[in-house]
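>
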């Protein structure tokens, strides 16, 4: 497939071509080559996999954040080997993905040796989907769990003002004869990016997603974004999980709680300055049958009771289509990306 082909107002790019374009944007707006590559692959991967709320939709937010001086696009992460099963990383007020990349070899080595290892990232900005952080571990036969907190935009259950972030949880596990089992869910009733997309399209949200500036239930995404707030999923259950994420991703790592940073002096800043925790397990250390086979048996049983789509299936299907046909972008989006890249 060619790197770029046009189809009646839309364009189709190969994954490598989209990564290259996004790299040019990040480099032009002040990141190092290493940071540009990490962010470009992450963002292009989300777009390839159909996760549009975390794909190229995020690029203007990255650019405005870099312009604001809120984040250090040249940051070099500092990796600290602190215990047999524990790694710390100071992201240096930079992005979390390069910090994870810097610590990954040590984290995997510790997980292989001890059976389990923890990575605590602090002083970091995470503005992307969380599943790309855990899925690669499953391809290596490892189980991975990650949490990251966000900026204050969610009202705890029973409260009347926002305090928590959307605070996602991502999990990945290998299975025999299939793609890894992967999920990535916000502890809010809906992801913040999906609210932004609905507002841009002029669409309404289902009931129960958020409240307006007066704390009243609303289906208007603009009312949520303009002084309102999101609600946790599942009432007190989602709220408890969101609290757990704050403790693991911020208190345990040394990062900021969702309410602890102030970006008012950086107009245009979009990226939460918080923390992230990853737990990686080597299932080969456990007793019993091969974990991947056990995972596959669970999948067989889930299909047997009528479940047709597993968590992550849609993304894997979209990835397969994109690898075959290319990643489709509308003409306006592609023009905006090229302009941001200075092309």
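In the working numbering, the protein residues as written are 6 to 348. Even glycine gets a Cβ: it sits at the ideal position worked out from N, Cα and C.
Quick check on the DSSP output: the beta strand (DSSP E) that includes residue 85 runs from which residue to which?
Its beta strand (DSSP E) spans residues 83-88.
> What residue range does the alpha helix (DSSP H) around residue 132 cover?
First-last for residue 132: undefined, no H or E at that position.
> Per DSSP, what kind of secondary structure is residue 110 in: helix, strand or coil?
The answer is helix: DSSP assigns residue 110 an H, G or I state.
> With a cut-off of 8 Å on the beta carbons, I'd call residue 98 and residue 255 a contact; round off their distance for me.
Wrong, their Cβ atoms sit about 15 Å apart, outside the cutoff.
> Taking the alpha-carbon of residue 69 as reference, which of 239, 274, 243, 159 has the nearest alpha-carbon?
Selected option, being the one with the closest Cα: 274.
> With DSSP collapsed to three states, give me the class of residue 76.
Coil, per DSSP.
> List the residues that DSSP assigns as beta-bridge partners of residue 153.
Answer is 281.
> Residues in its own chain within less than 8 Å of residue 230 by CB, not counting five upstream and five downstream?
Excluding positions up to five away in sequence, the list reads 200, 201, 204.
> With respect to the beta strand (DSSP E) encompassing residue 187, which residues constitute its N-terminal and C-terminal limits?
Start and end: 186-190.
> Should residue 4 and residue 228 be called a contact, given that it needs their Cβ atoms to be closer than 7 Å?
Past the edges of the chain, shown from 6 to 348, lies residue 4, and the structure says nothing about it.
> Please classify residue 343 as buried or exposed, where buried requires at least 16 neighbouring CB atoms within 10 angstroms.
With fewer than 16 Cβ atoms within 10 Å of its Cβ, residue 343 is classed as exposed.
> Would the beta-carbon of residue 159 fall within 7 Å of that of residue 193?
Contact flag set, yes.
> Relative to the alpha-carbon of residue 235, which residue among 211, 303, 174, 291 has its alpha-carbon at the smallest distance?
Cα-wise, what sits closest to residue 235 is 211.
> Which residues bound the alpha helix (DSSP H) around residue 318?
It spans 318-330 - the alpha helix (DSSP H) in which residue 318 sits, taken as one unbroken run.
> Could you check if residue 144 is buried or exposed, using at least 16 other CB atoms within 10 Å of its CB as the buried criterion?
Counting Cβ neighbours within 10 Å, residue 144 comes out exposed, since fewer than 16 surround it.
> When DSSP labels each residue in this structure, what does residue 19 get in the three-state scheme?
Looking at residue 19 - three-state DSSP - the assignment turns out to be coil, as it is neither helix nor strand.
> Going by Cα to Cα distance, which pick from 214, 177, 340, 21 is closest to residue 195?
Minimum Cα distance to residue 195 is reached at 214.
> Secondary structure at residue 215, three-state DSSP: helix, strand or coil?
Strand.
> Check whether the Cβ atoms of residue 287 and residue 74 lie closer than 7 Å to each other.
Cβ atoms of residue 287 and residue 74: not closer than 7 Å.
> Quick check on this structure: which residue in 131, 86, 128, 96 has the alpha carbon closest to the alpha carbon of residue 112?
That would be 86, whose Cα lies nearest to the Cα of residue 112.
> Using only CA atoms, which one of 81, 84, 54 lies nearest to residue 322?
The shortest Cα separation from residue 322 among 81, 84, 54 belongs to 54.
> Using a threshold of 7 Å, state whether the C-beta atoms of residue 162 and residue 237 are closer than that.
Yes, Cβ-Cβ distance for residue 162 and residue 237 is below 7 Å.
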